[in-house]
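Chemist:
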């Protein structure tokens, strides 16, 4: 008994002395502590591989330049789920979300300064993307353009615009494909109404829709993110084909430093360097390799084979901006709701 | 009399304090937060969020499918419990542990598997769809996965009651000339009522809140296969926290009143059975 008490006492003493040693030690190496920094990048789902690749290249170059050791953690999820997480306190240093809508929502809560979009080159867009078609081998239904989607017998797979970024971008694309070619608002309403009648399933997210199309073999056309479409077709080993419609939306996944978090964590310098790195030729090459359209003209041209030159219309073609478009078309009471109103 | 401690077990205040604290942190505080958040809306906003044609269709679907699934579970679950208690056969322990599977498996996996099985080109779908039975992306599919997630609740509530059931009562009944069916109906079933009702309530409540499995099997078509929790997610996507919580509050209130009703039914049947 005595023995055990003594043993515990020694252990406790040991623990305390370790703690005691730890403190001055940390203080002593204060300069060094600053030489190690950790960043958290909150992003959306399909970018996992992209950021892993970017981080692997950025860390050594940043270390060489600044002498600071850096490690970057990634967090992935649905884009607006991630935005809500950051708003609710996820300590992300940078956000690289799928849409202006989500970055803007964080900014409106004061965590990102209002001028964020102009703080980095190309309106804070190191890359863009778009929505393209994936079809079954040989394109049996002959789908080449948006109007082909509403031909009788064609089934279209796209996620729910209400719960998915891929979903509302598909909707905006479909809408713009009419209005950008001179169609009226009524034409567009007619088109999307027919289009969504030919959507048998509204999955809640992009990956769910991919599963429905690829694994469950439902539908003739899958409206997918360009980068996801490339991977999908590659993995299907000849079972699927990629089709570029002549026109589609320009998707804008902005990047931003989360001011509220970096100032508190004292990581601003590293976070800014990280995002600026995305515009270097090295990073732009990595971005292109993962099938995102690099913002650098030269590098985009170099990979022209992977990125056919189709007309990409901006969101401003169909609305004031992304939040306005979402409000008009997708949100409660918008155009999308009207499509499904049961006929009386 | 007042000063005498009538409680036999010591530590009442301590254990009650613990219980209240624990329940508050885990259950009451989050629910209260829901109500407070929903309270930030004006009445018109609240009503506009929770009582649209579309949301009514979703409530109807959520509670309807949950009800049907729980009902099926009461029948299937008591049958399984009966088999597990009354018979012994090789592999019984395996089957017994299989019953808990739906609790352990992430329900999203359940939903994905069900929908892949029942789609036109799936293992079961290729036989069923030509017969006109479509389970994937229909209400039938929703009911099927809800039966799946709710199954353990009925089995596990009925099982112990059956185990404790006195065989002598059954023997007495048959020696008094009752048929097997009469014995079952007049002797066994009444003792099971409280457990069946509890099992029903648990399976039902579980189904109302189910999201993960349903989104994969339902297809989420507005007015047809869109459950209420999907609406909550859709509103969150618009960063409309208040409206989203408003729908949650409606679900909560309906569920709560149904549970209270079921509780009353249960205590009534307990008295009746006793």
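Protein chains in written order, with our numbering: chain A, 875 to 1218; chain B, 146 to 419.
Cβ atoms here follow ideal geometry from the backbone N, Cα and C, with glycine treated the same way.
Quick one, which residues of the region 1165-1193 of chain A are near chain B if we go by CB-CB under 9 Å, in chain order?
Modeler: none
Chemist: Using a Cβ-Cβ cut-off of 8 Å (strictly less than) and excluding sequence neighbours within five positions of residue 176 (chain B), which residues of its own chain qualify?
Modeler: 397
Chemist: May I ask you to report which of helix, strand or coil DSSP gives residue 192 (chain B)?
Modeler: Looking at residue 192 (chain B) - three-state DSSP - the assignment turns out to be helix.
Chemist: Count the other CB atoms within 10 Å of the CB of residue 185 (chain B); is the residue buried (16 or more) or exposed (fewer)?
Modeler: exposed
Chemist: Grab the span of the alpha helix (DSSP H) containing residue 1114 (chain A) for me, first residue to last.
Modeler: Taken as a continuous stretch (DSSP letters only), residue 1114 (chain A) belongs to no alpha helix (DSSP H), being part of the beta strand (DSSP E) at 1114-1117.
Chemist: With respect to the beta strand (DSSP E) encompassing residue 914 (chain A), which residues constitute its N-terminal and C-terminal limits?
Modeler: 910-918
Chemist: Do residue 973 (chain A) and residue 953 (chain A) have their C-beta atoms closer together than 8 Å?
Modeler: In this structure, residue 973 (chain A) lies near residue 953 (chain A), with their beta-carbon atoms less than 8 Å apart.
Chemist: For residue 1059 (chain A), collect the residues of the same chain with a Cβ closer than 8 Å to its Cβ; drop the 5 residues on either side in sequence, then sort them by chain order.
Modeler: 1053
Chemist: Which same chain residues, not among the five before or five after residue 304 (chain B), have their C-beta less than 7 Å away from its C-beta?
Modeler: 226, 229 and 230.
Chemist: Pair every Cβ in the region 1056-1070 of chain A with every Cβ in the region 1208-1218 of chain A, then say whether three or more of these pairs are closer than 8 Å.
Modeler: yes
Chemist: Leaving out five residues before and five after residue 291 (chain B) in sequence, what residues of the same chain have Cβ atoms less than 7 Å from its Cβ?
Modeler: Only 210, 211, 214, 352 and 355 meet the Cβ criterion.
Chemist: Any heavy atom of the ligand MG within a distance shorter than 7 Å of the CB on residue 1049 (chain A)?
Modeler: As presented, the structure is devoid of all ligands, the ligand MG included, so that no description of it is given.
Chemist: Using the beta-carbon of each residue, which ones in chain B are nearer than 7 Å to residue 922 (chain A)?
Modeler: In chain order: nothing, as chain B lies at least about 18 Å away.
Chemist: Strictly by DSSP, which residues pair up with residue 1186 (chain A)?
Modeler: A:1122
Chemist: Excluding the 5 residues flanking residue 295 (chain B) on each side, which residues of the same chain have their C-beta closer than 7 Å to its C-beta?
Modeler: 214, 215, 218, 348, 351 and 352
Chemist: Pull out every residue of the region 163-191 of chain B whose Cβ sits closer than 7 Å to any Cβ of chain A, in chain order.
Modeler: none
Chemist: So with CB distances below 8 Å, who are the chain B contacts of residue 1200 (chain A)?
Modeler: 383
Chemist: Opposite residue 1143 (chain A) in the DSSP bridges: which residues?
Modeler: DSSP, once it has assigned bridges, lists no residue as partnering residue 1143 (chain A).
Chemist: Do residue 1116 (chain A) and residue 1104 (chain A) come within 8 Å of each other at the CB atom, strictly closer than that value?
Modeler: yes
Chemist: Just how far apart, CA to CA, sit residue 937 (chain A) and residue 943 (chain A)?
Modeler: 5 Å
Chemist: Going residue by residue through the region 1030-1061 of chain A, where are the continuous alpha helix (DSSP H) segments of at least 4 residues, counting only ones entirely within it?
Modeler: Assignment of alpha helix (DSSP H) within the region 1030-1061 of chain A, counting only whole runs of 4 or more residues, yields 1039-1053 in chain order.
Chemist: Within the same chain, show all residues whose beta-carbon is closer than 6 Å to that of residue 183 (chain B), passing over the 5 residues directly before and after it, in chain order.
Modeler: 390, 391 and 394
Chemist: Got a sec: which bits of the region 352-369 of chain B sit with their beta carbon under 8 Å from any beta carbon on chain A, in order along the chain?
Modeler: Of all residues in the region 352-369 of chain B, only 360, 361, 364, 365, 366, 367 and 368 come within less than 8 Å of chain A when Cβ atoms are compared, listed by chain position.
Chemist: Locate the alpha helix (DSSP H) running through residue 380 (chain B), then write down its first and last residues.
Modeler: 373-382
Chemist: For residue 950 (chain A), which residues does DSSP report across the bridge?
Modeler: In the DSSP assignment, residue 950 (chain A) forms a beta bridge with A:917.
Chemist: Could you tell me if residue 322 (chain B) is buried or exposed, where buried requires 16 or more neighbouring beta carbons within 10 angstroms of its beta carbon?
Modeler: Flag for residue 322 (chain B) reads exposed.
Chemist: Given a cut-off of 8 Å on the beta-carbon distance, is the pair residue 1000 (chain A) and residue 1097 (chain A) in contact?
Modeler: no
Chemist: Note down, in chain order, every chain A residue with its Cβ under 7 Å from the Cβ of residue 379 (chain B).
Modeler: Against chain A, a Cβ distance below 7 Å from residue 379 (chain B) picks out 1036 and 1037.
Chemist: Report yes or no: is there a C-beta of chain A within less than 8 Å of the C-beta of residue 204 (chain B)?
Modeler: no
Chemist: Could you confirm whether any beta carbon from chain A is found closer than 8 Å to the beta carbon of residue 290 (chain B)?
Modeler: no
Chemist: What does residue 979 (chain A) reach in chain B if we use C-beta pairs closer than 9 Å?
Modeler: 384
Chemist: What are the complete beta strand (DSSP E) segments, minimum 3 residues, inside the region 232-313 of chain B?
Modeler: none
Chemist: Can you name the residues that DSSP bridges to residue 407 (chain B)?
Modeler: Paired residue(s): none; residue 407 (chain B) is not in a bridge.
Chemist: If we require 4 or more residues per run, which alpha helix (DSSP H) segments fall completely within the region 161-208 of chain B?
Modeler: 174-184 and 188-195
Chemist: On the criterion of 16 or more Cβ atoms from any shown chain inside 10 Å, does residue 1160 (chain A) qualify as buried, or is it exposed?
Modeler: buried
Chemist: Which term fits residue 1141 (chain A), buried or exposed, when burial requires 16 or more other beta carbons within 10 angstroms of its beta carbon?
Modeler: buried
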